[in-house]
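Student:
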Amino acid sequence: MSSIPTTHEAGAKPLGSNLAGSRLMLLAAGAGFGVAALYYSQPILGLLASDLHASPDEVGLVPALTQLGYALGIFFLAPLGDRFDRKRIILIKASALALALLMSALAPSMSSLLLASLCVGLAATVAQDIVPAAATLAPDATRGKAVGTVMTGLLLGILLSRVVSGFMAEQLGWRAVYLAAAASIVFIGLALGRGLPSFQPTTTVRYRALIASMAHLWRQHASLRRAAVAQGLLSMGFSAFWSTLAILLHGAPFHLGSAAAGAFGLAGAAGALAAPLAGRIADQRGPELVTRLGAGLTTLSFALMGLAAWLSPQAQLWLLVLCAVGFDFGVQATLVAHQTIVYGIDPAARSRLNAVLFVGMFIGMAMGAWLGSIALHQWGWAGVTVFAAASAGAALAVRLTLRRSHAEA
Numbered sequence: 001m002s003s004i005p006t007t008h009e010a011g012a013k014p015l016g017s018n019l020a021g022s023r024l025m026l027l028a029a030g031a032g033f034g035v036a037a038l039y040y041s042q043p044i045l046g047l048l049a050s051d052l053h054a055s056p057d058e059v060g061l062v063p064a065l066t067q068l069g070y071a072l073g074i075f076f077l078a079p080l081g082d083r084f085d086r087k088r089i090i091l092i093k094a095s096a097l098a099l100a101l102l103m104s105a106l107a108p109s110m111s112s113l114l115l116a117s118l119c120v121g122l123a124a125t126v127a128q129d130i131v132p133a134a135a136t137l138a139p140d141a142t143r144g145k146a147v148g149t150v151m152t153g154l155l156l157g158i159l160l161s162r163v164v165s166g167f168m169a170e171q172l173g174w175r176a177v178y179l180a181a182a183a184s185i186v187f188i189g190l191a192l193g194r195g196l197p198s199f200q201p202t203t204t205v206r207y208r209a210l211i212a213s214m215a216h217l218w219r220q221h222a223s224l225r226r227a228a229v230a231q232g233l234l235s236m237g238f239s240a241f242w243s244t245l246a247i248l249l250h251g252a253p254f255h256l257g258s259a260a261a262g263a264f265g266l267a268g269a270a271g272a273l274a275a276p277l278a279g280r281i282a283d284q285r286g287p288e289l290v291t292r293l294g295a296g297l298t299t300l301s302f303a304l305m306g307l308a309a310w311l312s313p314q315a316q317l318w319l320l321v322l323c324a325v326g327f328d329f330g331v332q333a334t335l336v337a338h339q340t341i342v343y344g345i346d347p348a349a350r351s352r353l354n355a356v357l358f359v360g361m362f363i364g365m366a367m368g369a370w371l372g373s374i375a376l377h378q379w380g381w382a383g384v385t386v387f388a389a390a391s392a393g394a395a396l397a398v399r400l401t402l403r404r405s406h407a408e409a
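Be aware that the sequence shown starts at 1, since it is given in my numbering, and climbs by one per residue.
1. So, are the CB atoms of residue 293 and residue 324 less than 9 Å apart?
2. Is the distance from the Cβ of residue 327 to the Cβ of residue 289 below 9 Å?
3. If you draw a straight line from the C-alpha of residue 159 to the C-alpha of residue 153, how long is it?
4. Return the CA-CA distance between residue 379 and residue 366, expressed in angstroms with no decimal places.
5. When the Cα atoms are used, what is the spatial distance from residue 341 to residue 58?
6. Alpha carbon to alpha carbon, how far is residue 239 from residue 398? Give it in angstroms, no decimals.
7. If you reduce the DSSP assignment to three classes, tell me which class residue 286 lands in.
8. Compute the distance between the beta-carbons of residue 71 and residue 93, then report whether it is under 9 Å.
9. Using a Cβ-Cβ cutoff of less than 6 Å, which residues in the same chain neighbour residue 250 once the five nearest sequence positions on both sides are dropped?
10. Would you kindly report the start and end of the unbroken alpha helix (DSSP H) that includes residue 130?
11. Output needed for residue 400: all residues of its chain with C-beta closer than 8 Å, excluding positions within five of it in sequence on either side, in chain order.
12. Throw me the rounded Cβ distance for the residue 384 and residue 244 pair, which I believe falls under 8 Å.
13. Among residues of its own chain, excluding the 5 on either side of residue 210, which ones have a beta-carbon nearer than 6 Å to its beta-carbon?
14. Leaving out five residues before and five after residue 84 in sequence, what residues of the same chain have Cβ atoms less than 7 Å from its Cβ?
15. Can we say the segment 34-43 touches the segment 125-136, given the rule of at least three CB pairs closer than 8 Å?
16. Report the CB separation of residue 64 from residue 370 in whole angstroms; it is logged as a contact under 8 Å.
17. On a CA-only basis, which of 313, 23, 95 is nearest residue 255? Give me that one, please.
18. For residue 44, does the three-state DSSP call read helix, strand or coil?
19. Return the residue from the list 76, 338, 155 that minimises the CA-CA distance to residue 206.
20. Please state whether DSSP places residue 35 in a helix, a strand or coil.
21. Do you know offhand how far residue 102's Cα is from residue 163's?
22. Reducing DSSP to helix, strand and coil, say where residue 67 ends up.
23. Just tell me which of 97, 137, 304 has its CA closest to the CA of residue 24.
24. Using the beta-carbon count (16 or more within 10 Å), is residue 204 buried or exposed?
25. According to the Cβ coordinates, are residue 353 and residue 343 closer than 9 Å?
26. At the level of alpha carbons, what is the spacing between residue 390 and residue 192?
27. Please name the residue, chosen from 82, 81, 68, 150, that lies closest to residue 115 on a Cα-to-Cα basis.
28. For residue 152, name the three-state secondary structure that DSSP assigns.
29. Using beta-carbon positions only, say whether residue 218 and residue 51 come within less than 9 Å of one another.
30. Do the CB positions of residue 259 and residue 43 come within less than 9 Å of each other?
31. Can you name, in chain order, every residue of its own chain whose Cβ lies under 7 Å from the Cβ of residue 121, other than the five neighbours on each side?
32. Just the Cα atoms here: how many angstroms apart are residue 345 and residue 311?
33. Can you tell me which of 320, 30, 359, 32 puts its alpha carbon nearest to the alpha carbon of residue 301?
34. Could you spell out where the alpha helix (DSSP H) holding residue 342 opens and where it closes?
35. With DSSP collapsed to three states, give me the class of residue 59.
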């Protein structure tokens with residue numbers, strides 16, 4: 001039998017009257033604004049490099065450290081939601097996130113911006129506290145719908161952050177992006193402070209035991225390891241693309257500004273469409289099939305980008321848009337399927353299982369941002385596409401060659 005510490009439900013009863021439509025929309029907005037902080041930098045890396053006199057591989061550390069901070073925050077901070085009042089944690093993280101974004105806006109050098117970016121990632125995990133808050137407040141009959149609504153807000157935050165960042169930086173400069181982001185977090189933090197009730201802790205397990213239990217879950221469940229590794233590999237290629245796109249478009253033969261890079265974020269709408277579709281297919285045909293289809297589509301989309309060298313600049317842009325739609329859809333569909341697999345392992349440990357999955361995902365994002373910038377600097381855009389296709393292909397191999405262990409608990 002497992003010795004994993006589990007939570008109890010006393011004081012965590014679903015409070016249907018506590019999740020009116022306005023409160024649900026507030027939670028969705030909070031998740032969206034929180035996660036958006038991770039992606040504001042991606043369309044403006046070309047401007048950052050010019051203004052702070054940084055090389056492509058140096059400026060690539062900005063999104064890399066942001067994603068790394070998010071992974072560390074999920075692992076070390078997300079479990080606190082089971083141990084303390086989740087509302088207090090949300091408000092503390094929102095305050096820290098606003099401060100980190102302000103630090104980014106005022107950063108005088110690349111080194112100070114890199115430190116601020118790491119802090120942004122750590123504090124942006126407020127989004128991972130808001131989703132379980134919605135699940136706790138919702139009654140059993142509508143819990144799935146409530147969580148789905150908040151996740152839609154989160155996906156829209158990812159989508160709109162790149163678009164808004166690119167256009168705002170084009171008009172007002174990159175520092176204005178971070179200033180506006182800090183103001184938005186202050187606003188949503190105040191609204192959450194007024195709109196959320198207090199949450200009674202669901203466990204008395206000490207913090208060290210909560211953290212240790214995630215390592216036990218990792219060792220015990222092969223399906224968790226496969227999901228985290230495969231999603232991390234997909235995220236490497238995903239992050240490599242988005243972290244180098246602005247630099248690619250900024251140079252020859254395109255000579256486009258940050259607004260164009262931000263507009264590419266509209267392709268993220270494919271991810272929002274993928275979530276419900278992937279869920280339905282997973283219910284009907286099983287999540288394993290969805291992981292293979294999603295990883296396969298992602299691999300194909302990245303591989304097709306290799307054709308850009310034989311096309312005109314205009315045709316290259318269209319190819320990039322179509323491939324971005326394809327891999328965004330594939331990555332998000334695979335994530336939904338992996339969440340379905342992971343949540344079914346142990347209902348009493350879903351927060352920690354989710355933390356392990358997302359740690360793997362954002363470690364992959366951080367590595368992808370860093371390695372993608374190196375690939376662009378050393379081998380050009382062809383190097384980025386080869387790296388992205390190879391990482392996605394490795395994820396597909398994980399899903400195709402490894403089978404569920406019959407000995408797994």
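Beta carbons are placed, not taken as given, at the ideal position from N, Cα and C, and that holds for glycine. What you are looking at is a predicted structure, and each value in this text was computed from that prediction instead of being measured.
Tutor: The short version:
1. no
2. no
3. 10 Å
4. 20 Å
5. 37 Å
6. 19 Å
7. coil
8. no
9. 46
10. 126-137
11. 292
12. 5 Å
13. 79
14. 201
15. yes
16. 4 Å
17. 313
18. helix
19. 76
20. helix
21. 20 Å
22. helix
23. 137
24. exposed
25. yes
26. 42 Å
27. 68
28. helix
29. no
30. yes
31. 38, 65, 66, 67, 68, 69, 70, 73
32. 47 Å
33. 320
34. 313-343
35. helix
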